[in-house]
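A.B. asks:
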Ligand SMILES: CC(C)(COP(=O)(O)OP(=O)(O)OC[C@H]1O[C@@H](n2cnc3c(N)ncnc32)[C@H](O)[C@@H]1OP(=O)(O)O)[C@@H](O)C(=O)NCCC(=O)NCCS
């Protein structure tokens, strides 16, 4: 996909070219090495440097690299995985009926069991602060939406979700881009087992 000075390439395709072309592999390794989250999120930086490839090989996630159109830099990347939202019974019963109905129209009355909501996980998303071609976060997530909506159209997936550190910068970024917090009756925010917040966005109409 080429758009607005950027090109989105599946990591799988890049790996294939790299496996056949040593010069390209060296260049790719250098680009990945140069990726920096500017100290803001080590997980995002480490995932690209250390986990994207094994996660791909083990079919646990698919990563997409956003290059500038001259292919000088990786400007950003995102990684997605098919993974339902699992909510424990004790948490599910504390979510308002209305919210439960939206999340799971078939099982919203069932407050006796854990719930699994068909979803796609936006596992990673980050821009490369070291790139000479800075991409805006809104543009980067727009690329991610385009990939994810295509996939959801083909295979289903009611929600798009992600888990993030609870900070104002990330909250305003994700809410500006159409996500809301998963929260309990009364407004307190649902926390994952890693003490992160969950942002959800409905994909189906
Ligand atoms: C999230 C992101 C894509 C948003 O891009 P953007 O909309 O162009 O916004 P900016 O990069 O200009 O960041 C806006 C502000 O948020 C802050 N910020 C960004 N990510 C942050 C993080 N993970 N933790 C704390 N603050 C963060 C920036 O320092 C900046 O603060 P400032 O306005 O005081 O300078 C980008 O900031 C990024 O790649 N962050 C690091 C990776 C990350 O945290 N990804 C989200 C994983 S859930």
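In our numbering, the protein residues as written are 1 to 205. Glycine is no exception: its CB is placed at the ideal position from the N, C-alpha and C atoms.
Which residue from 161, 78 and 103 puts its Cα closest to that of residue 137?
C.D. replies: Of 161, 78 and 103, the residue nearest in Cα terms is 78.
A.B. asks: With a threshold of 7 Å, establish whether the CB of residue 67 neighbours any heavy atom of ligand 1.
C.D. replies: Flag unset: Cβ of residue 67 not near ligand 1.
A.B. asks: How about residue 191 and residue 159: are their beta carbons less than 8 Å apart?
C.D. replies: Contact: no.
A.B. asks: Cα separation between residue 114 and residue 169?
C.D. replies: Each residue's alpha carbon lies about 31 Å from the other.
A.B. asks: Considering just the uninterrupted stretch of the alpha helix (DSSP H) at residue 11, what are its terminal residues?
C.D. replies: That run of the alpha helix (DSSP H) goes 11–20.
A.B. asks: Here's the rule: buried if 16 or more other CB atoms are within 10 angstroms of the residue's CB, otherwise exposed. What is residue 189?
C.D. replies: Looking at its Cβ environment, which holds fewer than 16 other Cβ atoms inside 10 Å, residue 189 is exposed.
A.B. asks: So which of 83, 47, 72 and 104 has the shortest CA-CA distance to residue 63?
C.D. replies: The candidate whose alpha carbon is nearest that of residue 63 is 47.
A.B. asks: How far does the alpha helix (DSSP H) with residue 100 in it reach, from first residue to last?
C.D. replies: Residue 100 -> alpha helix (DSSP H) spans 97–103.
A.B. asks: Between the beta-carbon of residue 144 and the beta-carbon of residue 121, is there less than 8 Å?
C.D. replies: No; because the gap between Cβ atoms is not below 8 Å, this pair is not in contact.
A.B. asks: Would you mind reading off the limits of the beta strand (DSSP E) that contains residue 76?
C.D. replies: Taken as a continuous stretch (DSSP letters only), the beta strand (DSSP E) holding residue 76 covers 74–82.
A.B. asks: Between residue 248 and residue 139, what straight-line distance do the alpha-carbon atoms span, to the nearest angstrom?
C.D. replies: Past the boundaries of the shown model lies residue 248; the chain is included only from 1 to 205, so the question cannot be answered.
A.B. asks: Using only alpha-carbon positions, find the residue among 14, 37 and 4 that is nearest to residue 126.
C.D. replies: Per the Cα distances, 37.
A.B. asks: Please name the residue or residues paired with residue 155 in a DSSP beta bridge.
C.D. replies: BP columns for residue 155 are empty, so no partner.
A.B. asks: Taking the beta carbon of residue 131 as the centre, do at least 16 other beta carbons fall within 10 Å, making it buried, or is it exposed?
C.D. replies: Buried, by the Cβ-count rule.
A.B. asks: Which same chain residues end up closer than 6 Å to residue 259 when comparing Cβ atoms and leaving out the 5 residues on each side of it in sequence?
C.D. replies: Coverage of the chain is limited to positions 1 through 205, which leaves residue 259 absent and any answer about it impossible.
A.B. asks: Tell me the start and end of each unbroken alpha helix (DSSP H) in the region 22–79 that is at least 4 residues and wholly inside, in chain order.
C.D. replies: Qualifying alpha helix (DSSP H) stretches, in chain order: 22–34, 42–46 and 52–57.
A.B. asks: Looking only at C-alpha atoms, which of 18, 111, 87 and 85 sits nearest to residue 97?
C.D. replies: Comparing Cα-Cα distances from residue 97 to each of 18, 111, 87 and 85, the minimum goes to 111.
A.B. asks: On a Cα-Cα basis, can you pick out the residue from 52, 15 and 195 that is closest to residue 163?
C.D. replies: With distances taken between Cα atoms, residue 163 lies closest to 195.
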